[in-house]
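Enquirer: Just passing along the structure, written as structure tokens.
In the working numbering, the protein residues as written are -18 to 317.
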């Protein structure tokens, strides 16, 4: 594995909004030179991540991702276009299906089952490479420990991953069932943090002088007008819940920057570092504080409406993919 990594791709969760990530990937992988050392994601971002990081044998990353969106698109020969955005309420044959055990509804904790998703990923993902902790690139997904009320990060370089980790990251309640791993029950990682930027930073190259870049694909914009009615309040609340906290993470990193600068200054004193044997200095040195990396944010400009995350119609998928491509092109030009 090319570790420590100097480039990372971070992908948010947002259901059908993940088609925007498809467009971003089309642009990033367009010229064949994009090879991030770490790919991280939450929910649909975790699905995007595993398809890009561990495509099935004989498939390239973008091919696996394209195949996934072709399979989960819902059109139907008898479904008129105006109704297609709501078709997933009745399930998605390649993603999730409604429960039929109505007699047990008092004990339900979810409305759909995710066996179709497992079947789809089993065909598009190299499961052997997914389980191999030495396989590149590094793959990181997150899920929420329901009982502990804490986020948990699963990193391929630690002990390898399985489809359970991917499905756990996408187990959004009350739509999908909780996923059990090692006796613990997990829900969607986006409930706790929809942008696993901090966990990625912990795994980047810490060597002095290393140039680090993180590409963050945001499905929920931070900025939006003040709501003027209850429907707009609902939309704004949903978007704020899953919007990224990159700016807050960077504020903390800039504080760490000061620590890194102080450590460098002490190490380069002409007469030597007078604190090198002090326990406090040694403890800080072990943390390998680094400078703030370059963060390239690729963000959807519009808020997500109520059913936006459920619209798997082919027209909307391609529209969002085109939008993701354009916004990525713009972000790359601005970063350059």
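C-beta: ideal position from N, C-alpha, C; glycine also.
Any idea if residue 318 is buried or exposed, counting beta-carbon neighbours within 10 angstroms, 16 or more meaning buried?
Expert: Here the chain has residues from -18 to 317 only, and residue 318 is not among them.
Enquirer: Let me know the secondary structure DSSP gives residue 215 once reduced to three states.
Expert: Numbered from 1 along the chain shown, position 234 holds the residue referred to as residue 215. DSSP places residue 215 in helix when its eight states are reduced to three.
Enquirer: Give me the DSSP bridge partner(s) of residue 168.
Expert: Taking the first residue of the chain shown as position 1, residue 168 is located at position 187. 125, per the DSSP bridge assignment.
Enquirer: By DSSP, does residue 117 sit in helix, in strand, or in coil?
Expert: For the purposes of this step, residue 117 is identified with residue 136 of the chain shown, where counting begins at 1. Residue state, collapsed to three classes: coil.
Enquirer: When the distance is taken between beta carbons, is residue 142 closer than 8 Å to residue 1?
Expert: Numbered from its first residue, the chain shown carries residue 1 at position 20. Numbered from its first residue, the chain shown carries residue 142 at position 161. No. Outside cutoff.
Enquirer: Around the Cβ of residue 36, are there at least 16 other Cβ atoms within 10 angstroms (buried) or fewer (exposed)?
Expert: Taking the chain shown and counting its residues from 1, the one referred to as residue 36 is at position 55. The residue is buried, with at least 16 neighbouring Cβ atoms inside 10 Å.
Enquirer: Taking buried to mean at least 16 other C-beta atoms within 10 Å of its own C-beta, is residue 316 buried or exposed?
Expert: If you number the chain shown from 1, residue 316 lands on position 335. The residue is exposed, with fewer than 16 neighbouring Cβ atoms inside 10 Å.
Enquirer: Can residue 217 and residue 274 be called in contact, C-beta distance under 8 Å?
Expert: Taking the first residue of the chain shown as 1, we reach residue 217 at position 236. Taking the first residue of the chain shown as 1, we reach residue 274 at position 293. Going by C-beta atoms, residue 217 is not nearer than 8 Å to residue 274.
Enquirer: Quick check on the burial criterion: 16 or more other C-beta atoms within 10 angstroms. Buried or exposed for residue 71?
Expert: Locating residue 71 in the chain shown gives position 90, where the first residue counts as 1. Exposed.
Enquirer: Which term fits residue 98, buried or exposed, when burial requires 16 or more other beta carbons within 10 angstroms of its beta carbon?
Expert: Start at 1 with the first residue of the chain shown, and residue 98 comes out as number 117. Buried is the call here.
Enquirer: Would you say the stretch 42 to 53 touches the stretch 171 to 179, given that touching needs at least three Cβ pairs under 8 Å?
Expert: They do not touch, by the three-pair rule.
Enquirer: What separation, rounded to the nearest whole angstrom, lies between the Cα atoms of residue 128 and residue 263?
Expert: On the chain shown, position 147 is the one that residue 128 refers to. On the chain shown, position 282 is the one that residue 263 refers to. Each residue's Cα considered, the two are about 36 Å apart.
Enquirer: Following the continuous alpha helix (DSSP H) through residue 298, name the residue where it begins and the one where it ends.
Expert: Reading the chain shown from its first residue, position 317 is the one you call residue 298. Where residue 298 is concerned, the enclosing alpha helix (DSSP H) stretches over 295 to 316.
Enquirer: In three-state DSSP terms, what is residue 176?
Expert: The sequence position of residue 176 within the chain shown is 195, counting from 1. DSSP places residue 176 in coil when its eight states are reduced to three.
Enquirer: Can you tell me the Cα-Cα spacing of residue 289 and residue 67, whole angstroms?
Expert: By one-based count along the chain shown, residue 289 stands at place 308. By one-based count along the chain shown, residue 67 stands at place 86. So the two alpha carbons sit approximately 10 Å from each other.
Enquirer: Just mark residue 281 as buried or exposed, buried being the case when its beta carbon has 16 or more other beta carbons within 10 Å.
Expert: As a working mapping, residue 281 is identified with position 300 in the chain shown. By the neighbour-count rule (16 or more Cβ atoms within 10 Å), residue 281 is buried.
Enquirer: Kindly indicate which residue of 80, 75, 135 has the alpha-carbon position closest to the one of residue 169.
Expert: In the chain shown, residue 169 corresponds to position 188, counting from 1. It is 135 whose Cα lies nearest to the Cα of residue 169.
Enquirer: Rounded to the nearest angstrom, how far is the Cβ of residue 167 from that of residue 152, given a contact under 8 Å?
Expert: If you number the chain shown from 1, residue 167 lands on position 186. If you number the chain shown from 1, residue 152 lands on position 171. Correct: roughly 6 Å between the Cβ atoms.
Enquirer: For residue 294, is the classification buried or exposed, using 16 other Cβ atoms within 10 angstroms of its Cβ as the cut-off for buried?
Expert: Translated into the one-based positions of the chain shown, residue 294 becomes position 313. It counts as buried.
Enquirer: By the three-class DSSP mapping on this structure, what secondary structure does residue 71 have?
Expert: As a position in the chain shown, residue 71 is number 90, starting the count at 1. The answer is helix: DSSP assigns residue 71 an H, G or I state.
Enquirer: Quick check on residue 22: does DSSP put it in helix, strand or coil?
Expert: Walking along the chain shown from the start, residue 22 turns up at place 41. The answer is strand: DSSP assigns residue 22 an E or B state.
Enquirer: Under three-state DSSP, which class holds residue 108?
Expert: What you label residue 108 is simply residue 127 of the chain shown in a count that begins at 1. Helix.
Enquirer: Going along the chain, which residues of its own chain have a beta-carbon closer than 8 Å to the beta-carbon of residue 8, five neighbours each way excluded?
Expert: Position 27 of the chain shown, counting from 1, holds the residue named residue 8. Once the five neighbours on either side are set aside, the close Cβ partners of residue 8 are 305, 306, 309, 310, 313.
Enquirer: Once DSSP output is grouped into helix, strand and coil, what is the label at residue 147?
Expert: Indexing the chain shown from 1 puts residue 147 at position 166. Three-state result, residue 147: helix.
Enquirer: In three-state DSSP terms, what is residue 249?
Expert: Within the chain shown, numbered from 1, the residue matching residue 249 stands at position 268. Reduced to three states, the DSSP call for residue 249 is coil.
Enquirer: Taking the alpha helix (DSSP H) that residue 0 belongs to, which residues open and close that run?
Expert: As a first step, residue 0 must be located in the chain shown, where it is residue number 19. Segment 0 to 9, the alpha helix (DSSP H) holding residue 0.
Enquirer: How close, in whole Å, do the beta carbons of residue 298 and residue 89 come, if the pair is a contact with beta carbons under 8 Å?
Expert: As a working mapping, residue 298 is identified with position 317 in the chain shown. As a working mapping, residue 89 is identified with position 108 in the chain shown. Rounded, the Cβ-Cβ distance is 29 Å, inconsistent with contact.
Enquirer: Please name the residue, chosen from 28, -9, 160, 259, that lies closest to residue 93 on a Cα-to-Cα basis.
Expert: The residue labelled residue 93 in the question sits at position 112 within the chain shown. Ranking 28, -9, 160, 259 by Cα distance to residue 93 puts 160 first.
Enquirer: Is the beta carbon of residue -3 sitting closer than 8 Å to the one on residue 18?
Expert: Against the chain shown, residue -3 aligns to sequence position 16. Against the chain shown, residue 18 aligns to sequence position 37. Against a cut-off of 8 Å, the Cβ pair of residue 18 and residue -3 comes out as no contact.
Enquirer: Taking the CB atoms as reference points, tell me whether residue 6 and residue 33 lie closer together than 8 Å.
Expert: Your numbering for residue 6 matches position 25 in the chain shown. Your numbering for residue 33 matches position 52 in the chain shown. Taking 8 Å as the Cβ cut-off, residue 6 and residue 33 qualify as a contacting pair.
Enquirer: Out of 256, 106, 251, state which residue places its alpha-carbon closest to the alpha-carbon of residue 27.
Expert: Along the chain shown, read from residue 1 onward, the residue named residue 27 stands at position 46. Residue 106 is the option with its Cα nearest to residue 27.
Enquirer: From which residue to which residue does the beta strand (DSSP E) around residue 131 run?
Expert: Translated into the one-based positions of the chain shown, residue 131 becomes position 150. Where residue 131 is concerned, the enclosing beta strand (DSSP E) stretches over 131 to 136.
Enquirer: Apart from the five residues on each side of it in sequence, which residues of its chain come closer than 8 Å, Cβ to Cβ, to residue -6?
Expert: Position 13 of the chain shown holds residue -6. Taken in chain order, the residues that qualify are 22, 23, 24, 25, 26, 27, 150, 151, 153, 169, 170, 171, 175, 200, 223.
Enquirer: In angstroms, rounded to a whole number, what distance separates the CA positions of residue 318 and residue 259?
Expert: Outside the shown range of the chain (-18 to 317) lies residue 318, about which nothing can therefore be said.
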